[in-house]
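Heads up: the structure comes next, in structure tokens.
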Amino acid sequence: MIGSLKGFVESLHETGCVLDVNGVGYLISCSRKTLDRLTAREGVQKLLIETRVSQDAITLFGFFDAPEREAFRALIEVKTVGPQKALLVLGGLDPNGLARVIAAKERKRLAEVKGLGAATANRIIDEPAMQKWAVGRATPEEDGLGAAAPLPAGSIESDAVSALVNLGIKRPEAQGAISRAAKRLGEDATLDGLIRDGLREFAR
Numbered sequence: 023m024i025g026s027l028k029g030f031v032e033s034l035h036e037t038g039c040v041l042d043v044n045g046v047g048y049l050i051s052c053s054r055k056t057l058d059r060l061t062a063r064e065g066v067q068k069l070l071i072e073t074r075v076s077q078d079a080i081t082l083f084g085f086f087d088a089p090e091r092e093a094f095r096a097l098i099e100v101k102t103v104g105p106q107k108a109l110l111v112l113g114g115l116d117p118n119g120l121a122r123v124i125a126a127k128e129r130k131r132l133a134e135v136k137g138l139g140a141a142t143a144n145r146i147i148d149e150p151a152m153q154k155w156a157v158g159r160a161t162p163e164e165d166g167l168g169a170a171a172p173l174p175a176g177s178i179e180s181d182a183v184s185a186l187v188n189l190g191i192k193r194p195e196a197q198g199a200i201s202r203a204a205k206r207l208g209e210d211a212t213l214d215g216l217i218r219d220g221l222r223e224f225a226r
């Protein structure tokens with residue numbers, strides 16, 4: 023089993039690269055983000071490798087770091103996703119971004135990944151194993167987009183979050199849902215309205 027390969031990039035193509043390792047060219051499938059990183063660097067490159075064996079072929083998948091490989095391994099366990107769709111996901115979202123989207127159940131954002139589609143995005147988000155994978159990995163974005171800001175104590179937003187938590191929803195997910203509901207409803211938001219709107223995300 024190949025765990026990693028180190029060598030020179032001989033060529034790049036749409037879905038991967040050929041890595042020259044001591045004169046042997048390995049054809050490796052990669053995400054768009056990994057290919058971009060390969061393009062931006064020169065000299066010897068190292069890729070972590072995941073090997074998948076099917077009836078017709080042995081395919082190598084390459085990753086720049088362990089989090090991307092781990093996300094790939096989680097994604098391919100989702101029914102009908104498969105390695106190629108997993109690479110599409112990782113080409114549109116890095117592992118941290120993917121974890122945030124799954125934890126917050128941002129279906130529309132995941133469906134916007136080119137070539138993925140709404141049905142597959144919903145399947146990924148609704149997969150219990152993916153929700154479990156996302157827990158603890160989702161961290162705020164550096165620019166603050168998509169990250170739920172702390173809600174003022176005693177506000178109707180914080181009361182709405184508490185209501186969702188009492189219904190069994192985890193606090194980070196509840197806070198994200200209520201923050202988005204507050205933006206949608208604007209100044210006319212009421213406690214009941216926030217709770218109803220927030221719950222709609224978990225009823226899809």
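In terms of the numbering used here, the sequence shown has 43 at position 21, counting the first letter as 1, and numbering is strictly consecutive.
The C-beta atom is built at its ideal place from N, Cα and C for all residues, glycine as well.
Can you find the residues in the same chain that come closer than 7 Å, C-beta to C-beta, to residue i, ignoring five residues on each side of it along the sequence?
i       : result
Lys-55  : Leu-112, Gly-113, Asp-116
Arg-206 : Asp-219
Arg-74  : Thr-81, Phe-83, Pro-105
Got a sec? Which residues, its chain only, sit under 6 Å from residue i by beta carbon, not counting five neighbours each side?
i       : result
Leu-49  : Val-40
Arg-222 : none
Asp-214 : none
Ala-287 : Any property of residue 287 remains undetermined from this structure, which presents the chain solely from 23 to 226.
CB-CB under 8 Å to residue i, same chain, minus the five flanking residues each way: which ones, in chain order?
i       : result
Ile-146 : Leu-97, Val-100, Val-103, Val-111, Ile-124, Leu-132, Met-152
Gly-29  : Leu-41, Asp-42, Val-43, Asn-44, Tyr-48, Val-66, Gln-67
Output yes or no for whether 7 Å exceeds the beta carbon distance between residue i and residue j.
i       : j       : result
Leu-138 : Ile-71  : no
Val-187 : Ile-200 : no
Ala-121 : Ala-156 : yes
Asp-219 : Ala-203 : yes
Leu-60  : Val-31  : yes
Gly-198 : Ala-126 : yes
Over the uninterrupted beta strand (DSSP E) stretch that includes residue i, give me the two end residues.
i      : result
Ser-33 : 26-35
Asp-42 : 38-43
So the alpha helix (DSSP H) residue i belongs to, where does it begin and stop?
i       : result
Lys-154 : 150-156
Ile-124 : 117-125
Gly-104 : 104-114
Ser-180 : 178-188
Leu-207 : 193-207
Thr-212 : Careful: Thr-212 lies outside any alpha helix (DSSP H) and carries neither H nor E.
Figure out for me which residue from the options has the closest Cα to the Cα of residue i.
i       : options                            : result
Glu-179 : Gln-77, Ala-121, Arg-206, Leu-216  : Leu-216
Gly-190 : Phe-224, Lys-127, Gly-65, Ala-88   : Phe-224
Leu-119 : Gln-106, Ala-93, Thr-142           : Residue identity check: residue 119 is Gly in the sequence provided, not Leu. Nearest of Gln-106, Ala-93, Thr-142 to Gly-119, Cα basis: Ala-93.
Phe-85  : Val-75, Ser-76, Asp-58             : Asp-58
Glu-90  : Arg-63, Lys-127, Cys-52            : Cys-52
Glu-209 : Ala-141, Glu-134, Ser-177          : Ser-177
Ser-33  : Arg-206, Ile-24, Val-46            : Val-46
Gln-106 : Lys-130, Lys-136, Arg-129, Asp-148 : Lys-136
Indicate whether at least one CB of chain D lies closer than 7 Å to the CB of residue i.
i      : result
Val-46 : Structure shown: chain D not included; a single protein chain is present.
Going by DSSP, which residues form a beta bridge with residue i?
i      : result
Arg-74 : Thr-81
Gly-47 : Asp-42
Leu-69 : Leu-27
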